[in-house]
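In the working numbering, the protein residues as written are 565 to 825.
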């Protein structure tokens, strides 16, 4: 058990260190590309942790579901205004499908995986209540990421322009967008829960997902007030993690068991 934990820590350091270095270099040298680079960093990190824990089913289901559901919802949003409101991508250079840059549904996939890793470390179990709470928690994490990202992408990068939306605005972003994000995220995670119902949720024994969140919010702090506010919301959402860890009984060497792969 102790050797396994030590090995995990070595892997964590080996993964986090180059990510942090790359993050700083990209921020300094290529600020206009930072968000798309961070998308890739977060996904590489989440895949790395999953592969070291042999959570292959989770590697496949969430990114694929995220890409498919994300692309479908984005195409609908661009062309019909459902479920986010009406908008148009203008400056992202990736190849497009029906007006949607392919980098966008890719982002849906690996952000979904990252937030699910965190949610599954807080809420486990296969009961209806457990699944519902886990899916809702992961969906809320997705929304807080968008609270920080969208104001930067719209007001600084001008990646897309809003044509129509409803409700109050958050730094120029209609509230309908965030409601849509929650609905789409909920659908992604629910699909995963159904397809992976016979497998256990990934066991998170690493700081990588949380390090990725720190890098994410650090990227936008200073450019928009939305970022530190969203970071505060994520901190509040992390309270269950802190409480759970504080309440967890300390295992002795005679009661520790080897974790399932």
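All C-beta atoms in this analysis are idealised placements derived from N, C-alpha and C, irrespective of residue type, glycine included.
First and last residue of the uninterrupted beta strand (DSSP E) at residue i
{"i": "residue 727", "result": "724-728"}
{"i": "residue 698", "result": "Looking at the DSSP string, residue 698 is not in any beta strand (DSSP E); the run it does join, the alpha helix (DSSP H), is 692-719."}
{"i": "residue 839", "result": "Residue 839 lies beyond the range of the chain shown here (565 to 825); nothing can be said about it."}
{"i": "residue 650", "result": "650-653"}
Spatial distance of residue i from residue j (CA atoms)
{"i": "residue 638", "j": "residue 647", "result": "8 Å"}
{"i": "residue 707", "j": "residue 736", "result": "16 Å"}
{"i": "residue 694", "j": "residue 687", "result": "7 Å"}
{"i": "residue 709", "j": "residue 749", "result": "12 Å"}
{"i": "residue 656", "j": "residue 700", "result": "30 Å"}
{"i": "residue 640", "j": "residue 691", "result": "33 Å"}
{"i": "residue 653", "j": "residue 660", "result": "10 Å"}
{"i": "residue 800", "j": "residue 716", "result": "22 Å"}
{"i": "residue 697", "j": "residue 722", "result": "35 Å"}
{"i": "residue 668", "j": "residue 754", "result": "20 Å"}
{"i": "residue 666", "j": "residue 642", "result": "13 Å"}
{"i": "residue 632", "j": "residue 796", "result": "30 Å"}
{"i": "residue 725", "j": "residue 671", "result": "19 Å"}
{"i": "residue 704", "j": "residue 681", "result": "13 Å"}
{"i": "residue 554", "j": "residue 658", "result": "Here the chain covers residues 565 to 825 and nothing more, so residue 554 does not appear."}
{"i": "residue 756", "j": "residue 683", "result": "13 Å"}
{"i": "residue 618", "j": "residue 729", "result": "Here residue 618 scores only 48 on pLDDT, less than 50, and its place in the model should not be relied on; the value that follows carries that caveat. So the two alpha carbons sit approximately 42 Å from each other."}
{"i": "residue 636", "j": "residue 685", "result": "29 Å"}
Sub-7 Å separation of residue i and residue j beta-carbons
{"i": "residue 733", "j": "residue 702", "result": "no"}
{"i": "residue 752", "j": "residue 629", "result": "yes"}
{"i": "residue 627", "j": "residue 677", "result": "yes"}
{"i": "residue 718", "j": "residue 731", "result": "no"}
{"i": "residue 713", "j": "residue 625", "result": "no"}
{"i": "residue 711", "j": "residue 651", "result": "no"}
Bounding residues of the alpha helix (DSSP H) (the contiguous stretch that carries residue i)
{"i": "residue 755", "result": "739-759"}
Assumed close pair residue i, residue j - CB separation to whole angstroms, cut-off 8 Å
{"i": "residue 649", "j": "residue 741", "result": "6 Å"}
{"i": "residue 673", "j": "residue 645", "result": "Their Cβ separation, rounded to whole angstroms, is 23 Å, which puts residue 673 and residue 645 out of contact at 8 Å."}
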